[in-house]
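Residues 52 to 605 (our numbering) are what the sequence shown spells out, left to right.
Built from N, CA and C at the ideal position, the CB exists for glycine as well.
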Amino acid sequence: MGARLKRYSQIADVMVKYGFGIIADELDPDGRRRKKLFKNDTMTDNRSVYERMRLALEELGPTAVKFGQMAASDNERIPPELAVELRKLHDNVMPVPFEDLRPTIEEYCGNIDDVFEYFEETPIAAASIGQVHRGILKDGTIVAIKIQRPNITEKIETDTLIIENMASRFEKINPALRAYNLTGLIADFTEMMKRELDYVAEGKNADIFRKNFAGDPDICFPKIYWEYSGSKMLVMEYVEGVRVDDVESIKILGYEPKRYAALGFRAYLKMIFEDGFFHIDPHPGNIFVNTDGKMTFIDLGAIAVIRPERRHTFIKLLLAIVNSDVDAIIENFQKLGVRIDPDDMDEIKDGLYYALFGAESANVAAVDSGASLAAVPDLLNQYGIQIPRTLMALLKVIVMILGVGQKLDPNFNFYDNARPYLTQIVKQQYFSPKNLKRTTHVMMESLDSIMKLPKIFNNTLNKWANGKFQLEIVAKDVDRLSTTVEKATDRIIMGLLAASLVIGTSIVMYSIDIPYTANVIILMVLAYFGAFTFAIVTLVRLLYPNKKKRYYDD
Numbered sequence: 052m053g054a055r056l057k058r059y060s061q062i063a064d065v066m067v068k069y070g071f072g073i074i075a076d077e078l079d080p081d082g083r084r085r086k087k088l089f090k091n092d093t094m095t096d097n098r099s100v101y102e103r104m105r106l107a108l109e110e111l112g113p114t115a116v117k118f119g120q121m122a123a124s125d126n127e128r129i130p131p132e133l134a135v136e137l138r139k140l141h142d143n144v145m146p147v148p149f150e151d152l153r154p155t156i157e158e159y160c161g162n163i164d165d166v167f168e169y170f171e172e173t174p175i176a177a178a179s180i181g182q183v184h185r186g187i188l189k190d191g192t193i194v195a196i197k198i199q200r201p202n203i204t205e206k207i208e209t210d211t212l213i214i215e216n217m218a219s220r221f222e223k224i225n226p227a228l229r230a231y232n233l234t235g236l237i238a239d240f241t242e243m244m245k246r247e248l249d250y251v252a253e254g255k256n257a258d259i260f261r262k263n264f265a266g267d268p269d270i271c272f273p274k275i276y277w278e279y280s281g282s283k284m285l286v287m288e289y290v291e292g293v294r295v296d297d298v299e300s301i302k303i304l305g306y307e308p309k310r311y312a313a314l315g316f317r318a319y320l321k322m323i324f325e326d327g328f329f330h331i332d333p334h335p336g337n338i339f340v341n342t343d344g345k346m347t348f349i350d351l352g353a354i355a356v357i358r359p360e361r362r363h364t365f366i367k368l369l370l371a372i373v374n375s376d377v378d379a380i381i382e383n384f385q386k387l388g389v390r391i392d393p394d395d396m397d398e399i400k401d402g403l404y405y406a407l408f409g410a411e412s413a414n415v416a417a418v419d420s421g422a423s424l425a426a427v428p429d430l431l432n433q434y435g436i437q438i439p440r441t442l443m444a445l446l447k448v449i450v451m452i453l454g455v456g457q458k459l460d461p462n463f464n465f466y467d468n469a470r471p472y473l474t475q476i477v478k479q480q481y482f483s484p485k486n487l488k489r490t491t492h493v494m495m496e497s498l499d500s501i502m503k504l505p506k507i508f509n510n511t512l513n514k515w516a517n518g519k520f521q522l523e524i525v526a527k528d529v530d531r532l533s534t535t536v537e538k539a540t541d542r543i544i545m546g547l548l549a550a551s552l553v554i555g556t557s558i559v560m561y562s563i564d565i566p567y568t569a570n571v572i573i574l575m576v577l578a579y580f581g582a583f584t585f586a587i588v589t590l591v592r593l594l595y596p597n598k599k600k601r602y603y604d605d
């Protein structure tokens with residue numbers, strides 16, 4: 052508790068120092084320290100509010116820096132001037148002296164000289180949680196050594212508790228903030244920070260990503276050297292390249308920046324919708340273009356998982372957004388647990404239609420990623436609708452990716468790139484061998500159950516006729532009902548068989564991969580025509596049964 056109170060005091064001091072006294076008021080609601088704090092306010096220069104925000108985050112330490120890094124990629128929700136300032140946080144974090152890191156290194160490697168031929172003491176990168184050094188193993192392998200800052204775990208735990216408390220206070224002061232699920236988002240951030248503090252988990256994530264993208268020649272993830280790694284240090288394959296948002300450096304390497312806009316977008320769609328295992332911190336400092344032209348992802352501690360059954364709903368939701376299908380958007384939102392007041396439904400549909408269809412018809416890339424995709428959660432928030440955290444995080448990640456993509460290619464269009472990919476995923480899911488096997492099994496189970504219906508009805512009717520039920524039914528009534536049930540069951544079976552033939556023929560036509568010669572096309576058309584004709588005849592018999600025959604006596 053003492054450490055937390057001390058940290059509250061430090062945050063309040065920093066807020067006042069950089070001219071944000073209103074936040075200090077919230078941290079010091081009783082006003083005991085306010086006079087002293089404002090007396091020490093010396094921020095009287097001409098620096099912009101955005102620069103002061105960046106300086107405040109830097110002074111507040113790693114947790115605040117991480118917040119700033121995440122916000123820097125959210126081009127649609129923060130002013131451009133603030134985004135420019137926050138991007139400086141990626142490169143300007145003060146490194147820890149090497150001697151302070153030596154105990155951690157020796158904990159996992161023993162004597163440094165016994166493992167490394169060369170160890171560069173000056174870091175090549177410094178981040179909010181750790182920093183990276185370059186080294187050469189005894190066998191000549193060039194590696195990157197990622198080392199956690201000393202005592203960083205305790206500092207982040209204290210900060211996240213304070214942030215959660217502040218979020219709860221702000222929601223009480225301004226109930227409108229509850230629609231944004233601020234406390235939920237902070238909880239997600241806290242969980243993400245905990246994962247990033249565990250370098251073993253990050254290394255395992257890298258192994259999973261390497262396996263998922265093993266067949267992709269354009270995407271790679273660093274190999275982990277587990278014999279020298281642990282919870283506070285990772286030794287991994289060294290990546291020689293430039294940041295993905297460094298357009299000029301990519302050109303100097305001899306590659307076309309536009310290529311990486313589409314490549315990165317495709318990689319994330321695969322992570323999210325095919326694998327259900329995706330990186331949720333895709334700021335440009337975590338994505339590199341290698342000297343060999345490959346795109347490499349690093350800093351993989353923050354990930355999210357989507358279960359297969361929910362993954363399909365997410366796919367349909369994004370495809371509905373891509374196709375500007377407002378009814379499908381609402382339907383899939385509700386499947387994901389979003390509750391919409393029926394009284395607001397028409398206005399929400401109008402707002403979605405205007406944002407999505409209007410942006411698509413305008414065909415402007417900047418509007419495409421921002422005002423259309425980001426408009427979906429924004430519109431729901433206006434009506435006090437709370438969005439599930441996973442859905443909010445997923446949409447945020449996609450918007451962040453689009454922000455990077457449009458820097459690489461100003462004409463990069465979300466709709467044009469997402470529609471064919473999502474359509475292909477849906478087709479693969481419906482026509483996959485696993486799904487066809489499941490469909491066949493369900494169909495056979497249904498037919499088997501229907502075939503048992505006449506026997507079940509006859510047994511039940513016989514029990515009634517034998518007086519085992521407290522009902523009086525004469526034999527003529529039993530025979531009449533039994534005959535009617537048998538006729539109805541026959542029609543149901545015929546209908547199912549007809550539907551099965553049509554559906555099965557369609558699946559075969561669209562899923563097999565054979566040369567479409569003239570003979571093959573003729574056979575396929577005849578098969579489909581036969582199935583369709585059988586279905587029509589069956590439908591006519593169901594709708595217009597033979598009324599001349601009576602199943603009962605007058």
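In whole angstroms, what separates the C-alpha of Glu411 from that of Val389?
Low confidence applies here, because Glu411 scores a pLDDT of 46, under 50, leaving its location unreliable and the question unanswered by this model.
Given a threshold of 16 other Cβ atoms within 10 Å of its Cβ, counted over all protein chains shown, does Ser179 qualify as buried or as exposed?
It is buried - the Cβ of Ser179 has at least 16 other Cβ atoms within 10 Å.
Output the residue ranges of the alpha helix (DSSP H) runs that lie fully inside the segment 236–314 and measure 4 residues or longer, sorted by chain position.
Taking only runs of at least 4 residues, the alpha helix (DSSP H) segments lying wholly in the segment 236–314 are 250–263 and 298–303.
Ordered along the chain, which non-local residues of its own chain (more than five positions away) have a Cβ less than 8 Å from that of Glu172?
Excluding sequence neighbours, Glu172 sits near Phe149 and His184.
Please report how far the alpha carbon of Leu459 lies from the alpha carbon of Asp296, in whole angstroms.
Roughly 7 Å between the two C-alpha positions.
Thinking just about the alpha-carbon of each residue, which of Glu278, Asp326 and Ile452 is nearest to the one in Arg361?
Selected option, being the one with the closest Cα: Asp326.
Have a look at Ala312 and Asp350 and give me their C-alpha separation to the nearest angstrom.
About 20 Å.
I need the straight-line Cα distance from Ile224 to Met217, nearest angstrom please.
One C-alpha to the other measures close to 11 Å.
State the CB to CB distance for the pair Pro359 and Val448, rounded to an integer number of angstroms; the pair is presumed to be in contact (CB under 8 Å).
Contact doesn't hold; Cβ gap of about 19 Å is too wide.
Could you compute how far the alpha carbon of Asp190 sits from the alpha carbon of Ser282?
Each residue's Cα considered, the two are about 24 Å apart.
Closest to Gly70 by CA distance: which of Gly402, Tyr59, Gln199 and Val100 is it?
Cα-wise, what sits closest to Gly70 is Val100.
Does Asp239 pass the burial test, meaning 16 or more other C-beta atoms within 10 Å, or should it be called exposed?
Asp239 comes out buried.
What residue from Gly344, Phe260 and Phe272 has the CA that sits closest to Ile301's CA?
Among Gly344, Phe260 and Phe272, the Cα nearest to that of Ile301 belongs to Gly344.
So for Ala134, helix, strand or coil by DSSP?
Ala134: helix per DSSP, three-state reduction.
Closest to Gln385 by C-alpha separation, out of Phe365, Asn374, Leu248 and Glu398, would be which residue?
With distances taken between Cα atoms, Gln385 lies closest to Phe365.
Could you tell me if Asn97 is buried or exposed, where buried requires 16 or more neighbouring beta carbons within 10 angstroms of its beta carbon?
When all chains shown are included, Asn97 counts as exposed.
Can you have a look at Gly305 and say buried or exposed, based on whether 16 or more other CB atoms are within 10 angstroms of its CB?
Under this definition Gly305 is an exposed residue.
Is Tyr169 helix, strand or coil by DSSP?
In the structure shown, Tyr169 sits in a strand (DSSP, three-state: E or B).
Can you give the Cα-Cα distance for Glu247 and Tyr404, rounded to whole angstroms?
For Glu247 and Tyr404, the distance between alpha carbons rounds to 39 Å.
Which partner residues of Leu188 appear in the DSSP bridge assignment?
BP columns for Leu188 point to Phe167.
Identify the continuous beta strand (DSSP E) that holds Ile354 and give its terminal residues.
Counting along the chain, the beta strand (DSSP E) containing Ile354 begins and ends at Ile354 to Val356.
Rounded to whole angstroms, what is the Cα-Cα separation between Ala406 and Glu398?
Their backbone Cα atoms lie some 12 Å apart in a straight line.
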